[in-house]
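The next block holds one structure in the form of structure tokens; read it before the comments.
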Amino acid sequence: MKHTQAPMHKTLLAATATALLLSACAVGPDYVRPATVAPAAFKEMKDWKTATPQDQELHGKWWEIYQDPQLNALVEQVNISNQNLAQAEAQYRQAKALVESARSSYFPTVSANVSSTRSGGRNSGSSLSSGSSASSGSVTTSDSLGLSASWEPDLWGRISRTVESNQASAQASAADLQVARLSAQSTLAQNYLQLRVLDQQQNLLNDTVAAYQKSLQLTQNQYAVGVVARSDVIQAQTQLRSAQAQALDNGVLRAQLEHAIALLTGQAASTFSITPAPLVAVLPDIPIGVPSSLLERRPDVSSAERLAAAANAKIGVAKAAYFPNLTLSASGGFQSNSFANWLTVPNRIWSLGPALAATLFDGGARRAQSDQAIAAYDASVAVYKQAVLTSFQEVEDNLATLRILEQEAVVQGETVQFAHHALELILNQYKAGTVNYTSVVTAQATAFSADLSALNIQNRRYAASVLLIKALGGGWNQAELPDNAMLNDRDATGDSKPAAK
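In our numbering, the protein residues as written are -5 to 495.
If you want it as structure tokens, here you go:
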């Protein structure tokens, strides 16, 4: 017996040693980040006001640069209660679990089994004197207990490439979580700032209604003494009602924005409200940085880059299918027909040996899978490069918007001053009886329109500033992605919930 075991042991040891040596070999291309060309500077950066203090990039809680305490509190609530973020976080944990699942293939599979089987049958006996035959039955019991183990060494890197792909996909999912977080934060900031501008607009409308009421009263008084015609009173009434309708209509959009903010903060719109208040947020000086750093600061760009890395690793998985699979198996235990002698040395059983399996013909399936993996990688590279170009475009768009709106705000401010000065002159002339009420209506409408345009420009500047911060990545950096060690450790602190920014 010993003479027959030794060759098998040597064969298994040789197979194991060969497997360990070959496991360091992984077929398929090693990943290199796709090359992109970043401009030396943003074109729309000319005449851009440098941030104070001198800082090249956003950091930390970007929304705090608006210096609005209620905005700060609402964004923090988004980080805690937003359901889209909860979904993205759960998807990240799913991706992380796939890494753990892939890594389990590095280790052997061990199983245990125990069974007790009773079986029986009938056998024909000897013939009786009457010529008929007798039948006898027998029942046997078989008890078995055993352990078995099997291990597939990673000869060609199929497992390691799968782990590599899943790790990159998990990092992409972590970046997607940051994309969702930044999107929710920026949307809330835009909605909140627009709501506060609407509060300012409501104040303007209320003041306008009050002014028109005074004008109507003045016109009615003059009509009563025969100074003006009935048509002037009707014009004043029409103007007043129009302003009152606008004041009421302003509440529609404000209510919708309030409900949208409730949704973003994970609250029911029916129980959520924001009290009207003055606009205290400031238009910040935003640090821009250099274009090349944008590739590390945009979570959507990082996600696309990580997906390209995952697709590259899948090429190796497809290439590994061309090579044979080696499986090392071992089993041992006890088997007996007698329970009393079940767990004894004479009743032990065992098996040990390697198995090599290879596909000789598959009709081109492996080649098709390899071609598909290469094409998927090429597509992911194109998506990454497009994300990079889009990031540059979004920064340039919002830089241009802010620069032009700043100039427009100066011009519009002068327009407001001129319009109100003209209105004051026209009202004095009307009281003196030198102009008709049509001139008053025209001057009032011009002043109101100028005020409204100024508020609209202010709202657009707030929105563009938030969009610029979003385009710059909101202070996030690719270094915040979980590394492979964190993905491999299921108990790593904070691995399931990347830090909120």
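Positions of the beta carbon are idealized from the N, C-alpha and C atoms, including for glycine.
Keep in mind the model is a prediction, meaning the values are calculated, not measured.
Endpoints, the alpha helix (DSSP H) within which residue i is located
i           : result
residue 328 : Segment 319 to 330 is the beta strand (DSSP E) holding residue 328; no alpha helix (DSSP H) there.
residue 260 : Taken as a continuous stretch (DSSP letters only), residue 260 belongs to no alpha helix (DSSP H), as it is neither H nor E.
residue 188 : 152 to 218
residue 478 : 478 to 482
residue 306 : 293 to 314
Residue of the options minimising C-alpha distance to residue i
i           : options               : result
residue 433 : 230, 313 and 198      : 230
residue 464 : 193, 388 and 420      : 388
residue 132 : 143, 112, 149 and 140 : 112
residue 344 : 134, 24 and 143       : 143
residue 164 : 35, 300, 74 and 247   : 300
residue 306 : 68, 168, 269 and 154  : 154
residue 54  : 140, 476 and 471      : 471
residue 259 : 430, 390 and 74       : 74
residue 381 : 71, 424 and 467       : 467
residue 76  : 179, 20 and 361       : 179
residue 25  : 159, 202 and 152      : 159
residue 232 : 23, 447, 446 and 438  : 438
residue 500 : 370, 316, 327 and 222 : The question about residue 500 has no answer here: the residues shown for the chain are numbered -5 through 495.
residue 446 : 140, 409 and 208      : 409
residue 303 : 373, 426 and 421      : 373
residue 385 : 338, 370, 356 and 294 : 294
residue 52  : 182, 226 and 469      : 469
residue 282 : 298, 347, 392 and 138 : 392
residue 273 : 194, 326 and 257      : 194
residue 28  : 256, 377, 448 and 331 : 377
residue 379 : 296, 369 and 404      : 296
residue 208 : 435, 314, 482 and 367 : 435
residue 221 : 424, 328 and 473      : 424
residue 253 : 181, 79 and 475       : 181
residue 370 : 335, 330, 298 and 403 : 298
residue 246 : 271, 192 and 257      : 192
residue 98  : 65, 156, 249 and 167  : 156
Buried or exposed (CB count within 10 angstroms, at least 16 for buried), residue i
i           : result
residue 134 : exposed
residue 418 : exposed
residue -3  : For residue -3, the pLDDT reaches just 43, beneath the cut-off of 50, and the residue's location in the model is therefore unreliable, leaving the point undetermined.
residue 495 : Low local confidence applies: a pLDDT of 39 at residue 495 is under 50, so the model's placement there is unreliable, with the coordinate-based value given in what follows. With 16 or more Cβ atoms within 10 Å of its Cβ, residue 495 is classed as buried.
residue 267 : exposed
residue 101 : exposed
residue 412 : exposed
residue 228 : exposed
residue 428 : exposed
residue 48  : Low confidence applies here, because residue 48 scores a pLDDT of 42, under 50, leaving its location unreliable and the question unanswered by this model.
residue 174 : buried
residue 213 : buried
residue 147 : buried
residue 422 : exposed
residue 406 : buried
residue 224 : exposed
residue 269 : exposed
residue 312 : buried
residue 141 : exposed
residue 356 : exposed
residue 63  : exposed
residue 185 : buried
residue 188 : buried
residue 90  : buried
Boundaries (first-last residue) of the beta strand (DSSP E) holding residue i
i           : result
residue 350 : 342 to 351
Test: residue i CB closer than 7 Å to a CB of chain C
i           : result
residue 220 : Protein chains in the displayed structure number just one, and chain C is not present.
Distance cut-off 6 Å: residue i Cβ against heavy atoms of the ligand SAH
i          : result
residue 76 : For the structure depicted, the ligand SAH is absent and the ligand set is empty, with no information on it obtainable.
Complete alpha helix (DSSP H) runs within the stretch 58 to 111 (minimum length 4 residues, chain order): Segments of the alpha helix (DSSP H) lying fully in the stretch 58 to 111: 63 to 75 and 77 to 97.
Contact the stretch 98 to 118 vs the stretch 73 to 90: 3+ CB pairs below 8 Å: As far as the Cβ criterion goes, the stretch 98 to 118 does not touch the stretch 73 to 90, which means the pair count is below three.
Three CB pairs or more closer than 8 Å across the stretch 270 to 282 and the stretch 59 to 68: Taking 8 Å as the limit for Cβ pairs, the verdict is that the stretch 59 to 68 does touch the stretch 270 to 282.
Given 8 Å, three or more beta-carbon pairs between the stretch 397 to 413 and the stretch 452 to 462: Because the criterion of three Cβ pairs below 8 Å is met, the stretch 397 to 413 and the stretch 452 to 462 touch.
Completely contained beta strand (DSSP E) runs for the stretch 372 to 452, where each covers 3 or more residues: For the stretch 372 to 452, not a single whole beta strand (DSSP E) run of length 3 or above is found.
Contact between the stretch 434 to 446 and the stretch 197 to 212 (3+ Cβ pairs under 8 Å): Yes, the stretch 434 to 446 is in contact with the stretch 197 to 212.
Three CB pairs or more closer than 8 Å across the stretch 237 to 244 and the stretch 201 to 216: The stretch 237 to 244, when compared against the stretch 201 to 216, does touch it at the 8 Å Cβ threshold.
At least 3 beta-carbon pairs within less than 8 Å: the stretch 285 to 295 vs the stretch 27 to 36: Output reads yes: the stretch 27 to 36 touches the stretch 285 to 295.
Three CB pairs or more closer than 8 Å across the stretch 315 to 330 and the stretch 345 to 353: Cβ pair count under 8 Å is three or more, so yes.
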